[in-house]
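2 protein chains.
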Amino acid sequence: MKLIIDKESLLFAVQIVQRAVSFKSPLPVLSGIKFSTYTDNLSDSVQLALSATDLEMSIQCILAAEIEELGSIILPARHIVELIRHLPNIPVILETSDGGAVLKYDRSEIFLNGFLVEEFPSLSFSTENPIVIVKGDSLKEIIRQVIFAVAKDENRPLFSGVLFMIKEDELEMVATDTHRLAWRRLRIEERIKESEVRGEADLPEGNGLSVIIPAKALLELSKIIDSTEESVRVCLTQNTIVFSTSYTCLTTRLLQGQYPDYQSVIPKEQETKVRLCTRKITESVERASLLTSDSSPVIKVSIDNNSMLISANSSAGYVNEEIPVSVEGPPVKIAFNVRYLSDILKVIDSKEVFIEFGGPLVPTLIRPSTSENYLTLLMPIKL
Amino acid sequence: MKLIIDKESLLFAVQIVQRAVSFKSPLPVLSGIKFSTYTDNLSDSVQLALSATDLEMSIQCILAAEIEELGSIILPARHIVELIRHLPNIPVILETSDGGAVLKYDRSEIFLNGFLVEEFPSLSFSTENPIVIVKGDSLKEIIRQVIFAVAKDENRPLFSGVLFMIKEDELEMVATDTHRLAWRRLRIEERIKESEVRGEADLPEGNGLSVIIPAKALLELSKIIDSTEESVRVCLTQNTIVFSTSYTCLTTRLLQGQYPDYQSVIPKEQETKVRLCTRKITESVERASLLTSDSSPVIKVSIDNNSMLISANSSAGYVNEEIPVSVEGPPVKIAFNVRYLSDILKVIDSKEVFIEFGGPLVPTLIRPSTSENYLTLLMPIKL
Chain D
32 MKLIIDKESL
42 LFAVQIVQRA
52 VSFKSPLPVL
62 SGIKFSTYTD
72 NLSDSVQLAL
82 SATDLEMSIQ
92 CILAAEIEEL
102 GSIILPARHI
112 VELIRHLPNI
122 PVILETSDGG
132 AVLKYDRSEI
142 FLNGFLVEEF
152 PSLSFSTENP
162 IVIVKGDSLK
172 EIIRQVIFAV
182 AKDENRPLFS
192 GVLFMIKEDE
202 LEMVATDTHR
212 LAWRRLRIEE
222 RIKESEVRGE
232 ADLPEGNGLS
242 VIIPAKALLE
252 LSKIIDSTEE
262 SVRVCLTQNT
272 IVFSTSYTCL
282 TTRLLQGQYP
292 DYQSVIPKEQ
302 ETKVRLCTRK
312 ITESVERASL
322 LTSDSSPVIK
332 VSIDNNSMLI
342 SANSSAGYVN
352 EEIPVSVEGP
362 PVKIAFNVRY
372 LSDILKVIDS
382 KEVFIEFGGP
392 LVPTLIRPST
402 SENYLTLLMP
412 IKL
Chain B
32 MKLIIDKESL
42 LFAVQIVQRA
52 VSFKSPLPVL
62 SGIKFSTYTD
72 NLSDSVQLAL
82 SATDLEMSIQ
92 CILAAEIEEL
102 GSIILPARHI
112 VELIRHLPNI
122 PVILETSDGG
132 AVLKYDRSEI
142 FLNGFLVEEF
152 PSLSFSTENP
162 IVIVKGDSLK
172 EIIRQVIFAV
182 AKDENRPLFS
192 GVLFMIKEDE
202 LEMVATDTHR
212 LAWRRLRIEE
222 RIKESEVRGE
232 ADLPEGNGLS
242 VIIPAKALLE
252 LSKIIDSTEE
262 SVRVCLTQNT
272 IVFSTSYTCL
282 TTRLLQGQYP
292 DYQSVIPKEQ
302 ETKVRLCTRK
312 ITESVERASL
322 LTSDSSPVIK
332 VSIDNNSMLI
342 SANSSAGYVN
352 EEIPVSVEGP
362 PVKIAFNVRY
372 LSDILKVIDS
382 KEVFIEFGGP
392 LVPTLIRPST
402 SENYLTLLMP
412 IKL
């Protein structure tokens, strides 16, 4: 392989694909990034493809380069990313040589040992028959709004994933670790005929599609989606989902299993309804969290007389916060894990927040005042 | 004590004094910040003084507040700084109560347990009889230019300090860990009569003043000096040095001992002299460092035919960098610790750098092309 490419494009691409590199795998080749020439059948042009995988998730990035010789090489991610970052901002020659590759720039050169190309797993990025096309910034937003609620421990693999559903012209995502839950709905712009997909992917019949995507892949996806409005195509195969833009593809294995019936948990009507300023409660909860202990991150909330009292104490002292609220319904005394409450408040972007309390054994519902398409639930703590 | 103060002033002050707080000391009270009312004898006004100490270094910050009752309290630094950071941006009431203090703001309040005031060491910040007054930004700059060269290990306490000298109308600072050395000279604007000082501080007679200041204190000093042009007064007592601006004082114990004769190490005339672009060599050394191993961070440098070759290799590969230079004198082949060389290049701000080589057993001299007031030395590595 021999090619000429400018430093900035190369840096952009390695920074994207390195997110799938596995530095901890017993297979050393997975700590590498694959550089290979790639023939686009449509345009019959030859481009450069970079790819990496941790066997769960894989990322590919295609970029234009002046290709002089076809070929491929696997280079160690840690070195190649840092080296490219430090190259002068000029065109660079990349040429395979002696089991590795030489980078030439200006009057200087770098040689890096490579991994055996045969040892790198073959990756497939099927971008045909998309089931849905979503705007990049919308996808980023909904990932951010649900992903905080997934389980962090690996004992319950299903809860470390996000439920991804397509129902007619809506996309829904749900995440929960059983202590809190986030649900988000998005109207989708372009919905591809279901029958086409079902034929290929053997998906469940009936009310749309429903798969469970590992949170890690969605998190990386949200980082590599450009914040421009570019569309993201979503394609399904039997065991994988592929997200692709014009130059980048991310694919991940799906989690197998039956996601719990989240709908039955969402309360229909709660006794006490409160509306208040999102910034005020966020700041009060933040201060209160500073006076909880790590072993007991609990804050108490009580609602009465159009005010919300938030209190916490630890060996260092105590805090009593009072916030004006509009209340509908009887007084409330309840307690929460302050970190969980804070996680939720951080992703609520509206000026005002609605909170509905159903009692100390029922999840509290928290949602932006401006949207019916987003809600979160938080289980109170028994005192 | 009872006072009213605005959040931003309070935050500014606690962020400065917390740099002297000791979280690791066996004396718990040193993890606190002292808040006390302070009567300025000159203006007869009462202000708020914040102070902290780790027994080596102490910082005090005086700020205007609406004082209603005199008094003092020691509050835990970790909590008070974070709490103040998160307060709403409004005036706050601070009032001692029950062995601690209450902060009141809006309709909310925080109580923090305090430490016993009697347990806090009494601190003295003598700002009378300054020996010199230096512009804040100049002081910041010279600290940055020498401090990287101090010894990081604590086995040689003298080398963990910076030699601080005043000679007629010049201030000099020197730092070395015996592998590298940095020397910086600054013309000073205002020099106070030596005799005055000597009477009080019992300093050595003769060619000016010379003390050794712990690097840690200078580092913190450079962080708290405003980058505005404010003047910093430097005062000496027998064992301490005090740096003060209009509202902040930092004092530190001096290191005792005989600093080595650094002047004898500075080579007068070297065989090979080289001039080259600072950015080019900095970037080349940075890339080369990526292909050295942690156990042997060595790069080779050779000068010949108006070019400098920089090379390094590790199990990952190798790099050969070539940079155009103007050379005077015979060819050179030499090797350096890449981290030490990189540290030096980072603090050279001129467009071009002068390097003078005397051979593999003599320190290499590196200095900006624009100034006679700054030089660094770097011992080569024997190959």
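Read top to bottom, the protein sequences are chains D and B.
The numbers in the working numbering rise by one with no breaks, and the one at position 299 of the first sequence is 330.
The numbers in the working numbering rise by one with no breaks, and the one at position 181 of the second sequence is 212.
C-beta: ideal position from N, C-alpha, C; glycine also.
| task | With 8 Å as the limit, tell me which residues of the stretch 136-148 of chain B have their beta carbon closer than that to any beta carbon of chain D; keep them in chain order. | result | D137, R138, S139, E140, I141, F142, L143 and N144
| message | Measuring straight from C-alpha to C-alpha, what distance separates B:P245 and B:R284? | response | For the purposes of this step, residue 245 of chain B is identified with residue 214 of the second sequence, where counting begins at 1. For the purposes of this step, residue 284 of chain B is identified with residue 253 of the second sequence, where counting begins at 1. C-alpha separation (whole angstroms): 8 Å.
| What residues in the stretch 326-359 of chain D have a beta carbon less than 7 Å from any beta carbon of chain B? | A347, G348, Y349, V350, N351, E352 and E353
| Got a sec? Which residues, its chain only, sit under 6 Å from B:S324 by beta carbon, not counting five neighbours each side? | In the second sequence, the residue the question calls residue 324 of chain B occupies position 293. The residues are S345.
| query | Quick one: does B:P107 have its CB under 8 Å from some CB of chain E? | reply | No chain E appears in the structure shown, which is made up of the protein chains D and B.
| Going straight from the alpha carbon of B:A132 to that of B:K65, what length do you get? | Here residue 132 of chain B refers to the residue found at position 101 of the second sequence. Here residue 65 of chain B refers to the residue found at position 34 of the second sequence. Cα-Cα distance, rounded: 12 Å.
| Cβ neighbours of B:R306 in the same chain (closer than 7 Å, five flanking residues each side left out) | Residue 306 of chain B sits at position 275 when you count from the first residue of the second sequence. Same-chain partners within the cutoff: V356, S357, E383, F385 and S400.
| query | Closer than 8 Å, CB to CB, is B:H117 near chain D or not? | reply | In the second sequence, counting from the first residue as 1, residue 117 of chain B sits at position 86. Chain D, which has a Cβ nearer than 8 Å to the Cβ of B:H117, makes this yes.
| Are the CB atoms of B:E353 and B:R318 nearer to each other than 8 Å? | Position 322 of the second sequence, counting from 1, holds the residue named residue 353 of chain B. Position 287 of the second sequence, counting from 1, holds the residue named residue 318 of chain B. No, Cβ-Cβ distance for B:E353 and B:R318 is not below 8 Å.
| Three-state class that DSSP yields for B:A83 in the structure shown | Position 52 of the second sequence holds residue 83 of chain B. Three-state DSSP puts B:A83 in a strand.
| query | Going by Cα to Cα distance, which pick from D:A44, D:Q294 and D:V369 is closest to D:I115? | reply | Residue 115 of chain D sits at position 84 when you count from the first residue of the first sequence. Looking at the Cα atoms, D:A44 is the closest of the given residues.
| field | Whole alpha helix (DSSP H) elements within the stretch 334-394 of chain B, 4-residue minimum | value | 369-377
| Over what stretch of residues does the beta strand (DSSP E) that includes D:R306 continue unbroken? | Counting from one through the first sequence, the residue named residue 306 of chain D turns up at place 275. From DSSP, the beta strand (DSSP E) with D:R306 extends over T303 to C308.
| Grouping DSSP H, G and I as helix and E and B as strand, with all else coil, what is B:F179? | By one-based count along the second sequence, residue 179 of chain B stands at place 148. If DSSP states are grouped into helix, strand and coil, B:F179 belongs with coil.
| message | Helix, strand or coil for D:I104? Go by DSSP, reduced to three states. | response | Residue numbering aside, residue 104 of chain D sits at position 73 when the first sequence is read from its first letter. If DSSP states are grouped into helix, strand and coil, D:I104 belongs with the strands.
| said: Counting only Cβ pairs nearer than 8 Å, list the residues of chain B close to D:R306. | reply: Counting from one through the first sequence, the residue named residue 306 of chain D turns up at place 275. Near D:R306 there are no residues of chain B at all, since even the closest Cβ is about 18 Å away, more than 8 Å.
| request: Determine whether the Cβ of B:R318 lies closer than 8 Å to any Cβ atom of chain D. | output: Locating residue 318 of chain B in the second sequence gives position 287, where the first residue counts as 1. Answer yes: the Cβ-Cβ gap between B:R318 and chain D drops below 8 Å somewhere.
| Rounded straight-line distance, which links the Cα of B:L217 to that of D:V177 | For this step, residue 177 of chain D is matched to residue 146 along the first sequence. For this step, residue 217 of chain B is matched to residue 186 along the second sequence. If you take the alpha carbons of D:V177 and B:L217, they lie about 57 Å apart.
| query | Quick one: what's B:M410 bridged to in DSSP? | reply | In the second sequence, the residue the question calls residue 410 of chain B occupies position 379. Paired residues: none, contrary to the question.
| field | Three-way DSSP call (helix, strand, coil) for B:S155 in this model | value | Within the second sequence, numbered from 1, the residue matching residue 155 of chain B stands at position 124. Assigned with DSSP and collapsed to three states, B:S155 falls in coil, not helix or strand.
| said: Is it buried or exposed, B:P107, if we count other Cβ atoms within 10 angstroms and call 16 or more buried? | reply: The residue you call residue 107 of chain B lines up with position 76 of the second sequence. Result: buried.
| message | If we define contact as Cβ-Cβ less than 8 Å, is D:E113 a contact residue for chain B? | response | By 1-based counting over the first sequence, the position of residue 113 of chain D is 82. Closer than 8 Å: yes.
| Cα-Cα separation between B:E87 and B:K183, rounded to whole angstroms | Taking the first residue of the second sequence as position 1, residue 87 of chain B is located at position 56. Taking the first residue of the second sequence as position 1, residue 183 of chain B is located at position 152. Looking at the two C-alpha atoms, the distance is approximately 17 Å.
| task | With distances taken Cα to Cα, identify the nearest neighbour of D:G390 among D:V165, D:L376, D:L409 and D:S373. | result | Your numbering for residue 390 of chain D matches position 359 in the first sequence. Here the closest residue by C-alpha is D:L409.
| field | Residues bridged to B:F146 [DSSP beta-bridge criterion] | value | Indexing the second sequence from 1 puts residue 146 of chain B at position 115. BP columns for B:F146 point to B:I105.
| message | Check whether the stretch 150-159 of chain B and the stretch 265-273 of chain B are in contact - that is, three or more C-beta pairs closer than 8 Å. | response | yes
| said: Would you say B:G131 lies against chain D (beta-carbon separation less than 8 Å)? | reply: Translated into the one-based positions of the second sequence, residue 131 of chain B becomes position 100. Taking CB atoms only, B:G131 has a neighbour in chain D less than 8 Å away.
| With distances taken between CB atoms, is the gap from B:A80 to B:Y69 smaller than 8 Å? | Looking up residue 80 of chain B in the second sequence gives position 49. Looking up residue 69 of chain B in the second sequence gives position 38. Closer than 8 Å, so yes.
| According to the neighbour-count rule (16 or more other Cβ atoms, all chains shown, within 10 Å of its Cβ), is B:E387 buried or exposed? | In the second sequence, the residue the question calls residue 387 of chain B occupies position 356. Under this definition B:E387 is a buried residue.
| query | Are the beta-carbon atoms of B:I164 and B:E220 separated by less than 8 Å? | reply | For the purposes of this step, residue 164 of chain B is taken as residue 133 along the second sequence, with counting starting at 1. For the purposes of this step, residue 220 of chain B is taken as residue 189 along the second sequence, with counting starting at 1. Yes, the Cβ-Cβ distance between B:I164 and B:E220 is below 8 Å.
| request: Kindly indicate the opening and closing residues of the alpha helix (DSSP H) around B:L252. | output: Here the question's residue 252 of chain B lines up with position 221 in the second sequence. A246 to I255 is the span of the alpha helix (DSSP H), which, as asked, contains B:L252.
| field | Residues bridged to D:Y405 (per DSSP) | value | The sequence position of residue 405 of chain D within the first sequence is 374, counting from 1. According to DSSP, which records beta bridges pairwise, D:Y405 is partnered with D:R215.
| said: Taking the straight line between their C-alpha atoms, what separation do you get for D:W214 and D:S67? | reply: Working through the first sequence from its first residue, we reach residue 214 of chain D at position 183. Working through the first sequence from its first residue, we reach residue 67 of chain D at position 36. Cα-Cα distance, rounded: 40 Å.
| CB contact below 8 Å: B:L34 versus chain D | Taking the first residue of the second sequence as 1, we reach residue 34 of chain B at position 3. No - not a single Cβ of chain D is within 8 Å of the one on B:L34.
| message | Buried or exposed, going by whether 16 or more other CB atoms sit within 10 Å of the CB of D:G130? | response | Start at 1 with the first residue of the first sequence, and residue 130 of chain D comes out as number 99. Label assigned to D:G130: exposed.
| task | Take B:I104 and list the residues in its own chain whose beta-carbon comes closer than 8 Å to its own, dropping the five residues that flank it on each side. | result | Residue mapping note: residue 104 of chain B aligns to position 73 of the second sequence, counting from 1. Non-local beta-carbon contacts of B:I104 in its own chain, meaning distances under 8 Å to residues more than five positions away in sequence, involve M32, K65, F66, S67, T127, G131, A132, G145 and V148 in chain order.
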